[in-house]
DNA sequence: CGTTAGCACTCGGTATCCTCGATTGCCAAG
DNA sequence: CTTGGCAATCGAGGATACCGAGTGCTAACG
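Chains as they are written, first to last, in the numbering used here: chain X, 104 to 434; chain R, 104 to 434.
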């Protein structure tokens, strides 16, 4: 749909604009890029590209900048199959080499890693607890009328939630429930659990039920880590854009559904208005699913200005999600 | 040191500037405030106040704005003993009424609450795990060479950390270590623990030692929750100030020591450069310790522009820290 | 002697105007 | 179809002038 020369010109505009954030003019393209053609010709082509919606002029007598559509074409057809530079590879490698310990901590650090590598805000949606193998379950009394149920998962994750218990419930009943819970849950997953088998004792059953119920709720609210929010202040000059974006990023709910939505639609990049979150219309989001054994357990992504470095972001996000998936699969 | 009229004028300037963010002139004061005196007199007084370092003129022929010293005098001598408005009282009450469940979640929400109430960034430094009573301890194997140690505390907190184990270590040894750990720790605190008693079995002892060591480390890195960072974008017009502040806020380490330092010095407000963190010199920090049974378990605070509403911030932070302390004391 | 009115002065902010340069669109020639 | 040339456009940046808020000073006042 776009002949080769237009393609080359569009590509050059995008590259240049990403690098400089300045509207780029025809002469610049004619001179610098590989298209061996005069500025006048470039001008003509750019006029067409503008008509077709790939470019806009901020004002007459300024150069052109890419539209969302322009970026879209760029990432779909032009972005060189992502190569991450060697330094990045090394850093990611070192990171996952050293990564240890608690799941949440690792995910948190992963978002920082992505920020460091891409200089954009980063989002990590942790795996839902649903799918992980339960290695241990217990109920611990905290006070006369509260107890906490603790589940340890094979991937190093530990979830807990407080449940209410009756003051009159003796410790022995709690202990029995704990044992029963452990027996029922260990080795399985929360997701595959249909309902808790009964032990006959009403009090014990009641506690087990509420424990499982609580854990179901907990395992549903995703762990989400947003890192590098301060980079958006670096990405935009307009302070009101910064405000809007930061404010939106703080609403975890919005961020989660934003990323989920993009991943669910099978996309890896959402450019500007494509993601439908109006306050973020100056931003693009690059995501990748975290896949373990064919299962989609979470997502990682970065969020930056529409004029972000897509090839690098795509490659980096891909690499990190892969390594993270592999890492999660190990345990 | 400041006669009554100067005091009144300073107070009026601070109030006005906090409200409008605009330099305030003598005529304004003469007209609006209670000082029944002409603008010329006010001018004279203001000139003195400037010499003494309480006020500055951004430029000749502009009104005056308070200096850090001016704010300091204001909060020390002029701020009306903090009254929170009724709506706030109600909101805080409702919040702690409804607060339940996991400690980390509650602390996180507390920082959001503070942000909502003061429209400033909020910091909550969670209690170190040191002091809480241990209700349960166990070791769970995750993989041939990793296990996680889980501690449940009386306040609803659950800490866990992954430790390395030898592949050759049989499950029975782990189980023994788990039992021994539970016996040793339950009912006590990490802080009061000197060293783990031996059971004679070398392998078991080794695991217990590394488990306790890991938990000691974990219990030392404070839980810190920073909420409402996006409000700093609302507080400053200069985008580079926003950048600096946000960037600083993202460095948990800096935030923690900042707050700790202020609390340790027995202060409740640090104004501008007083806290010594240079990139935050346009900000003030209002803090209050979380006290439970006379023990200082953590801190809450808000961070905003030096021209923040000190009386309200002080009162709100105080109220929240009190309620939080009371809440933590319950369990 | 403290207070006040009056006044000259200062200086930042805003508006206006102009110039400069980058860039475009178009046209006519190659 | 491409290209060189050229007039036209328009924002950015700089200079200028004006306005108004606010000050400091001085002289008068009670």
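For each residue, glycine too, the CB sits at the ideal point set by N, CA and C.
Residue range of the unbroken alpha helix (DSSP H) whose run includes residue i
i	result
residue 382 (chain R)	Careful: residue 382 (chain R) lies outside any alpha helix (DSSP H) and carries neither H nor E.
residue 107 (chain R)	107-123
residue 283 (chain X)	274-288
residue 147 (chain R)	142-154
residue 198 (chain R)	189-201
residue 135 (chain R)	129-135
Beta-bridge partners of residue i, as assigned by DSSP
i	result
residue 413 (chain R)	None; residue 413 (chain R) has no bridge partner.
residue 241 (chain X)	X:253
residue 164 (chain R)	Answer is none; residue 164 (chain R) lacks a bridge partner.
residue 159 (chain X)	X:168
residue 183 (chain X)	Note: residue 183 (chain X) sits in no beta bridge, so no partner.
residue 246 (chain X)	X:249
residue 225 (chain X)	X:330, X:405
residue 391 (chain R)	R:403
residue 373 (chain X)	X:388
The beta strand (DSSP E) enclosing residue i, as first and last residue numbers
i	result
residue 328 (chain R)	327-330
residue 360 (chain R)	Per DSSP, residue 360 (chain R) belongs to no beta strand (DSSP E); it is in the alpha helix (DSSP H), 355-367.
residue 323 (chain X)	Not the beta strand (DSSP E): residue 323 (chain X) falls in the alpha helix (DSSP H), residues 305-323.
residue 263 (chain X)	261-267
residue 402 (chain X)	398-408
Euclidean distance between Cα positions of residue i and residue j
i	j	result
residue 364 (chain X)	residue 380 (chain X)	11 Å
residue 134 (chain R)	residue 231 (chain R)	52 Å
residue 240 (chain R)	residue 383 (chain R)	42 Å
residue 178 (chain X)	residue 236 (chain X)	38 Å
residue 110 (chain X)	residue 226 (chain X)	32 Å
residue 260 (chain X)	residue 120 (chain X)	43 Å
residue 155 (chain X)	residue 105 (chain X)	10 Å
residue 322 (chain X)	residue 124 (chain X)	43 Å
residue 306 (chain R)	residue 337 (chain X)	53 Å
residue 312 (chain X)	residue 250 (chain R)	28 Å
residue 195 (chain X)	residue 362 (chain X)	22 Å
residue 415 (chain X)	residue 185 (chain X)	6 Å
residue 222 (chain R)	residue 407 (chain R)	8 Å
residue 127 (chain X)	residue 215 (chain X)	33 Å
residue 220 (chain R)	residue 191 (chain R)	7 Å
residue 245 (chain X)	residue 400 (chain R)	19 Å
residue 115 (chain R)	residue 131 (chain R)	10 Å
residue 291 (chain R)	residue 256 (chain R)	10 Å
residue 344 (chain R)	residue 167 (chain R)	21 Å
residue 140 (chain X)	residue 170 (chain X)	24 Å
residue 369 (chain X)	residue 117 (chain X)	24 Å
Short CB-CB distance (under 8 Å) between residue i and chain X
i	result
residue 229 (chain R)	no
residue 251 (chain R)	yes
residue 255 (chain R)	yes
residue 345 (chain R)	yes
residue 212 (chain R)	no
residue 326 (chain R)	no
residue 355 (chain R)	no
residue 234 (chain R)	no
residue 340 (chain R)	yes
residue 322 (chain R)	no
residue 274 (chain R)	no
Any non-hydrogen atom of the ligand NAD within 7 Å of residue i CB
i	result
residue 393 (chain R)	Only the bare structure without any ligand can be found here, which leaves the ligand NAD out of the picture.
Contact belief for residue i with residue j at Cβ below 8 Å, rounded distance in angstroms
i	j	result
residue 157 (chain R)	residue 173 (chain R)	4 Å
residue 248 (chain R)	residue 270 (chain R)	5 Å
residue 348 (chain X)	residue 335 (chain X)	5 Å
residue 393 (chain X)	residue 428 (chain X)	5 Å
residue 420 (chain X)	residue 389 (chain X)	5 Å
residue 317 (chain X)	residue 252 (chain X)	6 Å
residue 284 (chain R)	residue 314 (chain R)	6 Å
Any C-beta of chain R under 8 Å from that of residue i
i	result
residue 130 (chain X)	no
residue 277 (chain X)	no
residue 173 (chain X)	no
residue 349 (chain X)	yes
residue 381 (chain X)	no
residue 264 (chain X)	yes
residue 241 (chain X)	yes
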